[in-house]
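This report concerns only the one structure given below.
2 protein chains.
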Amino acid sequence: MQWCRFTANGSTSYGIIEGESVHEVSGTPFGEHSKTGKSHGLDSIQLEVPVIPPTFYAAGINYPEHVTWAAQMRGQEPDLPKRADVGYRAINALVPHGHDIIVPADATEQLQYEGELVVVIGKTCRNVTETESLDYVLGYTIGNDVSERTWQRNDRTMWRAKNTDTFKPMGPWIVTDLNPDDLHVVIRVNDRVVGEYDVATALFGVRHYISEMSKYLTLVPGDVLWMGTEGATENMKDGDLCDIEISEIGTLSNRVNWQK
Amino acid sequence: MQWCRFTANGSTSYGIIEGESVHEVSGTPFGEHSKTGKSHGLDSIQLEVPVIPPTFYAAGINYPEHVTWAAQMRGQEPDLPKRADVGYRAINALVPHGHDIIVPADATEQLQYEGELVVVIGKTCRNVTETESLDYVLGYTIGNDVSERTWQRNDRTMWRAKNTDTFKPMGPWIVTDLNPDDLHVVIRVNDRVVGEYDVATALFGVRHYISEMSKYLTLVPGDVLWMGTEGATENMKDGDLCDIEISEIGTLSNRVNWQK
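Protein chains in written order, with UniProt numbering: chain A, 1 to 260; chain B, 1 to 260.
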C-alpha cells in the first residue's frame, strides 16, 4: 500500500496511491481513516512531506564505508559506533519531493547529499524485541540528509549543517509491507550514479534500532527514523538535481537552488 | 497573562489562569482563541505540558560556571562556546509539572537536574534582528533538563542521557510579557537550595539566540528554546523532589521515581 500526503484545491490530506490515481482519505494512516470518494491524477496534485514527525530520529553514522570516509576527511582513524545511539534532526528542515534545496549564500562549496531509507513508525511502542519491532512500522520512505560539511566540522552542533530550512527532503510517499533487508539505494546527481548500496549492510539494522531505542523511549505514530547513508559523498552545485532511488519505494528528487 | 494546557473531565485544552481559576479557551495561544465561558479551580484540573513543540531546541552549554564545571568533570580544560550553536531535545521525554521523573533501573547514580528558562515562540520568524526578536516570543516557562551523566559522557549522542521518557519536565504554565533579563532561577532538591543564578548571565541571551537561529531556520509557533543552566549540578536519588523556581513565572516540581 502506498500512502501520501498531498494538497489539491488548497486543502491538504492523506491519500492512497493506486496506479496514477490518488484517493483522498479522511483521517490518517495512523488511526481511523476512510476514502472520501474523491480522487485525483497523481500529476495534478502537490505532494507534501508524507508525515510531520512528532520526533525526527536519525541514526547518523551507520554504514562502515561512510564512517571510514568521514574519518579520513577529518584526518582521523575511523571509529565505528559500538552501539545504536540515535541522533536527531529538525522539523523546520523538511521539504517534499520536488521542492528545491535552498542553500544560504554563506554556505561553503561542501554541500553534500546523503541518500537514506526512512522508517515511519505506525503504532506506539516501548520495550519491543527485534522480532516484534517491524509490527510497529507503518512503512518506508526516502530521505536526503543534506549536509554542509564545513559547518558540520566546525559548529558545536549540527543545527545549520543539517537543519537549515529545506535541508531535509523526505518523500515522495510511504510504502507499507516491505522487508527493509531487501532494499537497494541508488543516488544520482544530474543522472550520474554517485552512490549505491544495500540497506542491509548497515552496522545496525531497523529491527535493532527500534528495539534498542524502545528500551528508553516511547516511539509514537508518525515518528521517523532515518537510517544513515553508505559511502563517500560529493559536493553539489547550484542547479544540480539530486535523485535518491530506493527499490520498491520510488525516487526522491530535489534540485539545488543556491542563494546569491 | 498566564497560559496553561490542562485536562478536566477527560478533555485537554488551553486555558488562561487568573488567580486560582482556569478559564477554558477554544483555539490556542498561537492563533485565534476565545474563552468558552467554562472555568475550573486551579487545583481541580490536571496541568499538561504547556505546549507540544514542533521542534524542541536547547542551547545546551550556555553559562560560564556550568561549562567550567562540566569540563572539570571530564578532566578537560573549559572551552566556552564561541557561537550560539543550538542543540535539540525530544518530544517523547516531555512531562508536566507534578509528573514523576521515572528513572530506568540501569541508570547510574549520576542522575542530575538542570533548571532552565524556556522560551516559547509565538509567531513564525525568519531573519529577525535581536531588537525585533522578542516580538516573536509568546512567553516563558520552566524546564528541567534531567541528565544521566554517565550516558552523557559515554554514548555517541544524548539520546538516553537527556531524552529518556520523562527526563524533560516542562511547565507549569507560560507567562507572557516578561523581560528575560530580569529573571532569577532557584533550584531546590527536597527544599534545599542547590543552585541559583540570574538568567542574564548567559553567554548568549534569548535575543541573540533567536536572531542567530533565524538566519538559517524558520521558527514557528510553539517551538521551544531551552536556555541552558548555570553552575555545578548534583545527583538526585529515588524519592527526591526537584523544584525549579523562576521569578515572575512560578515553580516546576517533579519527584524522582527510580525503577527497581
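Quick reminder that beta carbons are idealized off the backbone N, C-alpha and C, glycines included.
* To do: Could you run through the stretch 55-78 of chain B and flag, in chain order, every residue whose CB is less than 9 Å away from some CB of chain A?
  => Within the stretch 55-78 of chain B, the residues whose Cβ lies closer than 9 Å to some Cβ of chain A are Thr55, Phe56, Tyr57, Gly60 and Ile61, listed in chain order.
* the stretch 214-223 of chain B in contact with the stretch 156-169 of chain B per 3-pair CB rule at 8 Å -> Short answer: they don't touch.
* **Amino acids of chain A, ordered along the chain, whose beta-carbon sits closer than 8 Å to that of Tyr216/B** => Ordered by position in chain A, the residues that pass the 8 Å Cβ test against Tyr216/B are Pro104, Trp159, Arg160, Asn163, Thr164 and Asp165.
* Asked: Which class does Lys35/B belong to by DSSP, given the choice of helix, strand or coil?
  -> Note: Lys35/B maps to strand in three-state DSSP.
* Integer Cβ distance of Phe56/A from Val224/A, believed to fall under 8 Å -> That pair is a contact at about 6 Å.
* Asked: If Val22/A and Phe6/A are in contact, beta carbons under 8 Å, what's the gap, nearest whole angstrom?
  -> That pair is a contact at about 6 Å.
* Just checking my contact of Leu42/B with Glu20/B at CB under 8 Å: how many whole Å lie between their CB atoms? -> Right, the Cβ-Cβ distance comes to about 5 Å (below 8 Å), so this counts as a contact.
* Contact set for Leu47/A: own chain, Cβ-Cβ below 8 Å, skip 5 residues either direction -> Closer than 8 Å at Cβ, skipping near neighbours: Cys4, Arg5, Phe6, Pro96, His97, Gly98, Gly171, Pro172 and Trp173.
* Ile91/B versus chain A: which residues are under 7 Å apart at the beta carbon? -> The contacting residues are Pro54 and Thr55.
* If you scan the stretch 47-134 of chain B from start to end, which runs of the alpha helix (DSSP H) of 4 or more residues do you find wholly inside it? -> Listed in chain order, they are 64-73 and 130-133.
* Burial state of Pro168/B, where buried means 16 or more other Cβ atoms lie within 10 Å -> Here the sequence assigns Lys to residue 168/B, which means Pro is not the residue at that position. So Lys168/B ends up on the buried side.
* What does Trp3/A pair with, by DSSP beta-bridge criteria? -> According to DSSP, which records beta bridges pairwise, Trp3/A is partnered with Ile16/A and Ile174/A.
* For Lys38/B, collect the residues of the same chain with a Cβ closer than 8 Å to its Cβ; drop the 5 residues on either side in sequence, then sort them by chain order. => Sequence-distant partners of Lys38/B (beyond 5 residues in either direction) whose C-beta falls short of 8 Å from its own C-beta, in its chain, are His23 and Glu24.
* Can you tell me the Cα-Cα spacing of Pro53/B and Tyr88/B, whole angstroms? -> Cα-Cα distance, rounded: 11 Å.
* **Contacting positions in the stretch 175-190 of chain A - beta carbon closer than 7 Å to chain D** => The structure shown has no chain D; the protein chains it does contain are A and B.
* Counting only beta-carbon atoms, is Tyr209/A nearer than 7 Å to chain B? -> Taking CB atoms only, Tyr209/A has no neighbour in chain B less than 7 Å away.
* To do: With DSSP as the reference, label Leu217/B as helix, strand or coil.
  => In the three-state reduction of the DSSP assignment, Leu217/B falls in the coil class.
* Looking at Asp100/A and Asn235/A, is the spacing between their C-beta atoms short of 7 Å? -> Cβ distance not < 7 Å, so Asn235/A and Asp100/A don't count as in contact.
* Asked: Can you tell me whether Leu80/A is buried or exposed, with buried defined as 16 or more other CB within 10 angstroms of its CB?
  -> Its Cβ having fewer than 16 others within 10 Å, Leu80/A is exposed.
* **Rounded separation between Leu138/B and Ile91/A - CA only** => About 20 Å.
* **Segment contact, 8 Å Cβ cut-off, at least three pairs: the stretch 186-197 of chain A with the stretch 124-137 of chain B** => Taking 8 Å as the limit for Cβ pairs, the verdict is that the stretch 124-137 of chain B does not touch the stretch 186-197 of chain A.
* How close, in whole Å, do the beta carbons of Asp240/B and Thr251/B come, if the pair is a contact with beta carbons under 8 Å? -> The beta-carbon distance between Asp240/B and Thr251/B, rounded to whole angstroms, is 15 Å. This is too long to meet the 8 Å contact definition.
* Asked: chain A beta carbons: is any one of them nearer than 7 Å to that of Asp100/B?
  -> False, the Cβ-Cβ gap to chain A never drops below 7 Å.
* Asked: Any residues in the stretch 229-240 of chain B with a beta carbon nearer than 7 Å to a beta carbon of chain A? Which ones, in chain order?
  -> Against chain A - using a Cβ distance shorter than 7 Å - the stretch 229-240 of chain B contributes no residues.
* Give, in chain order, every residue of the stretch 113-141 of chain B whose Cβ lies closer than 8 Å to some Cβ of chain A. => So the close ones are Arg126.
* To do: Keeping to the same chain, check which residues put their C-beta closer than 6 Å to that of Lys180/A; ignore five residues upstream and five downstream.
  => It should be pointed out that residue 180/A corresponds to Pro in this sequence rather than to Lys. The answer, listed in chain order, is Val199 and Val206.
* **Where Arg156/A meets chain B, residues with beta-carbon distance less than 7 Å** => Taking a Cβ-Cβ threshold of 7 Å, the residues of chain B close to Arg156/A are Pro81 and Asp85, in chain order.
* For Thr150/A, which of Ala70/A, Lys260/A, Phe204/A and Gly143/A has the nearest alpha-carbon? -> That would be Ala70/A, whose Cα lies nearest to the Cα of Thr150/A.
* To do: Give a yes or no on whether the C-beta atoms belonging to Gly228/B and Ala93/B are separated by under 7 Å.
  => No Cβ-Cβ contact shorter than 7 Å links Gly228/B with Ala93/B.
* **7 Å CB neighbourhood of Val128/A in its chain, flanking five on each side removed** => Taken in chain order, the residues that qualify are Tyr136, Ile210, Ser211 and Ser214.
* Spatial neighbours of His33/A within its chain, please: CB distance less than 6 Å, with the 5 preceding and 5 following residues excluded, ordered by chain position. => Answer for His33/A: Val25 and Gly27, listed in chain order.
* To do: Identify whether Leu252/B lies in helix, strand or coil by the three-state DSSP scheme.
  => In this structure, Leu252/B counts as strand in the three-state DSSP scheme.
* **Val146/B (DSSP reduced to helix, strand or coil)** => Coil at Val146/B, not helix or strand.
* Does any CB atom of chain A fall closer than 7 Å to the CB of Tyr14/B? -> Cβ-Cβ to chain A under 7 Å: no for Tyr14/B.
* Asked: Interface residues of chain B around Val220/A at Cβ under 9 Å?
  -> Per Cβ cutoff of 9 Å: Ile91 and Asn92.
* To do: Indicate whether at least one CB of chain B lies closer than 7 Å to the CB of Tyr88/A.
  => Flagged as an interface residue toward chain B: Tyr88/A, by a C-beta distance shorter than 7 Å.
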